[in-house]
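Contents: one structure, followed by commentary.
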Amino acid sequence: MARYTLLPLGSCALVRNGRREREGVFVGSCRLYAAVAAGGFRRYATYRSATAAGVFTNTVFGFIVAYTYLALWDERPGLGGYDQAQALTYVWIGQALAQALSMFNTGFAVDMVARIRNGDIAVDLYRPVDLQLWYLAGDLGRAVFQLFSRGLVPLTVGALAFPLALPGDPVVWLEFLVAVVLAVVVSFAIRYVLALSAFWLLDGSGVLQFGGLVGMFFTGLLLPLNAMPGALGDIARVLPWASLLQMPADILLGARSGAAEVLMAYAFQAGWAVVLLAAGRLLQSSATRKVVLQGG
Amino acid sequence: MADVGGSVRVYGLIAAMWIRSTLVYRTSFAAAVLTNFLVTALDFVVIWMMFSQATSIGGYSFAETAFLYGTASVSFGITALLLGSVDDLGLRVRDGSLDAFLVRPAPVLVQVAADRFGLRRLGRFLQGALVLGWSLTRLDLDWTLAKLLLLPVMLLSGAAIFGAVYVAGAAFQFWAQDAAEAQSAFTFGGLTLLQYPPTVFARDFVIGVTFVVPLAFVNWLPALYVLGRPYPVGLPWWLAFTPPLVAAGSCALAGLAWRAGVRSYRSTGS
Chain A
380 MARYTLLPLG SCALVRNGRR EREGVFVGSC RLYAAVAAGG FRRYATYRSA
430 TAAGVFTNTV FGFIVAYTYL ALWDERPGLG GYDQAQALTY VWIGQALAQA
480 LSMFNTGFAV DMVARIRNGD IAVDLYRPVD LQLWYLAGDL GRAVFQLFSR
530 GLVPLTVGAL AFPLALPGDP VVWLEFLVAV VLAVVVSFAI RYVLALSAFW
580 LLDGSGVLQF GGLVGMFFTG LLLPLNAMPG ALGDIARVLP WASLLQMPAD
630 ILLGARSGAA EVLMAYAFQA GWAVVLLAAG RLLQSSATRK VVLQGG
Chain B
-8 MADVGGSVRV YGLIAAMWIR STLVYRTSFA AAVLTNFLVT ALDFVVIWMM
42 FSQATSIGGY SFAETAFLYG TASVSFGITA LLLGSVDDLG LRVRDGSLDA
92 FLVRPAPVLV QVAADRFGLR RLGRFLQGAL VLGWSLTRLD LDWTLAKLLL
142 LPVMLLSGAA IFGAVYVAGA AFQFWAQDAA EAQSAFTFGG LTLLQYPPTV
192 FARDFVIGVT FVVPLAFVNW LPALYVLGRP YPVGLPWWLA FTPPLVAAGS
242 CALAGLAWRA GVRSYRSTGS
């Protein structure tokens, strides 16, 4: 049994020939995290049939949900401030982003929980890199792959099958992509906190499952947060999960437009990202200080 | 169809072993059942929220939709409880653990289905049953003997049809080990579909799940008969009573697919 302490943020550097290279530390660690991100990308790009299967499933769910929205917006035109075309577009944006934002698949968190349980996390902690940034870099690489591989086909099929309200202005798409990047960071930060619970619970899979499905609900994948009634809707719209789908979708649908509203959305996302990343860091330092690792 | 009694006995033995091991950690088990219950309840909350915004959807009331939700969920709950583990077949092929099943003197499908039997999945079944019970107290139906008998027949046949989908999907994983997610389109996708009234969906879509993948026989056709509603695709009324036949046919086809899959299996070796 062994205890490990984490290097504080900023002290990470490349170790070469057994000694720390002080010069070029920043460049070195940037290159390192870029390599980790590329690894995350490649890891998911390897499984082509899994990707194809996922695209198929996202598309089928897109159709099912789109029809239920059509029926709902027939009854209540303008619900949640969306017209029918916007509501349909919301469905397909949701299916396109579901994997990139890990809405029901907890991605790296499953690995991390397993590594905490079997003690492999010791290896991660022993590396001369920052644990949180290491996992964040890998998750960003994965998200880039899944955004394009799993996002484009469902969105295209949706646009061919239904009259969607997609913008023609490239600036709006760019604003949307920035919001998606922020959303990936918030999604990562949530899952990182959930995964760390395994240090205390040992079996973190229940927490992940619960967190994942509660998240899917409050993300608005099933029903836009705008359309949720009463106090439930008011609460859902300020929770961190509102950063994931609602904000990028609102920007793409033109429900938030103009510099002020877009910046407000970014600020909301960035605020949650900072709070949750800091929470993860705090939890991580108390976990590594107090918890005796599993294994011999 | 060699020895059904023997298969059931083997399934019971393996499942009982997993149940015993689950029940060692009682708190953990209770938490898992509760989680399962709450998680599946969330998709009913979504339907409830939709009906809080509109009095009817696709011409159906909340109670009628709850009836569809309840029947589909109970059938699916039974299947997920009994066959939920077959989803992992691709994983077993990849890591080679399927080889162990092949050398044991018991049917492979039975072992795959019973392995890691998850009693926690009772939560899903119970949640569906509660919604179904609630909808029955709210609906004002003219019950006839035929409708009363049709209800349990529909739930069990529906479970068998979902079971056929599960097994066919698992068989497909013999060829495409990483494609487990495609199966979700038919299992979880099918479940989501059947929880809503058929009038919501496009006609071609309804025709597809009636004649191509016969999910409509799980609950739409029989449940609409019980509710006294016409099926959006004009079909003779007596089809409402055919789910057992459709279930038998689907299971036979799924069984053939499974056999073909096992025959084509090559171990990862090493």
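Which chain is which? The protein sequence lines are A and B, in order. The opening position of the first sequence corresponds to residue 380 in my numbering, with each subsequent residue numbered one higher. The opening position of the second sequence corresponds to residue -8 in my numbering, with each subsequent residue numbered one higher. Positions of the beta carbon are idealized from the N, C-alpha and C atoms, including for glycine. Predicted model, so just to flag it, every value in this text is computed and none were measured.
Is any heavy atom in the ligand ADP found nearer than 7 Å to the beta carbon of Leu73/B? With respect to small molecules bound, the structure shown includes none, and the ligand ADP cannot be examined in it.
Give me the Cβ distance between Val84/B and Leu93/B, rounded to the nearest whole Å; I'm assuming they're in contact under 8 Å. Contact flag wrong, Cβ pair sits at about 11 Å.
I'd like to know whether the C-beta of Pro456/A is nearer than 8 Å to at least one C-beta of chain B. no
So, for Gly119/B: in the same chain, excluding its five sequence neighbours on each side, which residues have a beta-carbon less than 6 Å away from its beta-carbon? Gly61, Ser64, Val65 and Gly68
Presumed contact (8 Å Cβ cut-off) between Gly419/A and Gly520/A, rounded CB distance: 3 Å
Which residue or residues does DSSP assign as beta-bridge partners of Tyr51/B? Ile48/B
Considering only their Cβ atoms, is the gap separating Trp513/A from Val415/A smaller than 8 Å? yes
Secondary structure of Pro143/B, DSSP reduced to three states: helix
Which bits of chain A does Tyr187/B rub up against, with CB to CB less than 9 Å? Ile443, Tyr446, Thr447 and Ala450
At a Cβ threshold of 8 Å, is Glu400/A touching chain B? Note that Glu400/A scores 47 on pLDDT, short of 50, meaning its location in the model is unreliable; the coordinates nonetheless yield the value given after this. Chain B contact via Cβ: absent.
For Pro235/B, which residues in the same chain have their Cβ closer than 7 Å to its Cβ, ignoring the five residues on either side in sequence? Val144 and Ser148
Is the Cβ-Cβ distance between Ser(-2)/B and Val158/B less than 8 Å? no
Quick one: what does DSSP say Met482/A is sitting in, helix, strand or coil? coil
Could you confirm whether any beta carbon from chain B is found closer than 8 Å to the beta carbon of Met491/A? no
Excluding five sequence neighbours on each side, which residues of the same chain lie with their C-beta closer than 6 Å to the C-beta of Leu451/A? none
Please report the distance separating the alpha-carbon of Ala207/B from that of Phe153/B. 11 Å
Quick one: is Gln465/A near chain B, going by C-beta distance under 8 Å? no
The alpha helix (DSSP H) that contains Thr430/A, what's its start and end? Arg427 to Glu454
Taking one C-beta from the region 529 to 543 of chain A and one from the region 606 to 622 of chain A each time, how about it: are there three or more such pairs within less than 8 Å? no
Cα separation between Thr244/B and Ala155/B? First, the amino acid is wrong: residue 244/B is Leu here, not Thr. One C-alpha to the other measures close to 8 Å.
Supposed close pair Gly114/B, Thr31/B - CB separation, criterion 8 Å: 7 Å
With a cut-off of 8 Å on the beta carbons, I'd call Gln588/A and Thr26/B a contact; round off their distance for me. 6 Å
Would Ala162/B and Trp249/B qualify as a contact pair, given that the criterion is a beta-carbon distance under 8 Å? yes
In the DSSP assignment, find the unbroken alpha helix (DSSP H) run with Met542/A in it and report its ends. According to the sequence displayed, residue 542/A carries Pro and not Met. Per DSSP, Pro542/A belongs to no alpha helix (DSSP H) and is neither H nor E.
Could you check the C-alpha separation between Gly591/A and Leu132/B for me, to the nearest Å? 39 Å
Beta-carbon proximity list for Ala431/A, same chain, < 7 Å, skipping 5 on both sides: none
Between which residues of its own chain and Leu110/B is the CB-CB distance below 6 Å, once the five residues before and five after are set aside? Ile10 and Thr13
Do Gly180/B and Val550/A have their CB atoms nearer than 8 Å? no
State whether the region 44 to 62 of chain B contacts the region 123 to 131 of chain B, with contact taken as three or more CB pairs (one from each stretch) at a distance under 8 Å. yes
Closer than 7 Å by beta-carbon distance: list the chain A residues that pair up with Glu172/B, in chain order. Ala429, Ala432, Gly433 and Thr436
What does the Cβ neighbour count give for Arg410/A, buried or exposed, with the cut at 16 atoms within 10 Å? exposed
Phe659/A versus Leu515/A: straight-line alpha-carbon distance, rounded: Checking the displayed sequence, the identity of residue 659/A turns out to be Gly instead of Phe. So the two alpha carbons sit approximately 12 Å from each other.
Please state whether DSSP places Gly473/A in a helix, a strand or coil. helix
Would Phe116/B pass as an interface residue toward chain A - the criterion being a Cβ-Cβ separation below 8 Å? no
Once you ignore the five residues that flank Glu402/A on each side, which residues in its own chain have a CB closer than 6 Å to its CB? Note that Glu402/A has pLDDT 49, beneath the 50 cutoff, so the model's placement of it is unreliable and the number below is only indicative. Same-chain partners within the cutoff: there are none.
Partner residues on chain A for Ile48/B, Cβ-Cβ distance less than 7 Å: Ala450, Leu451 and Glu454
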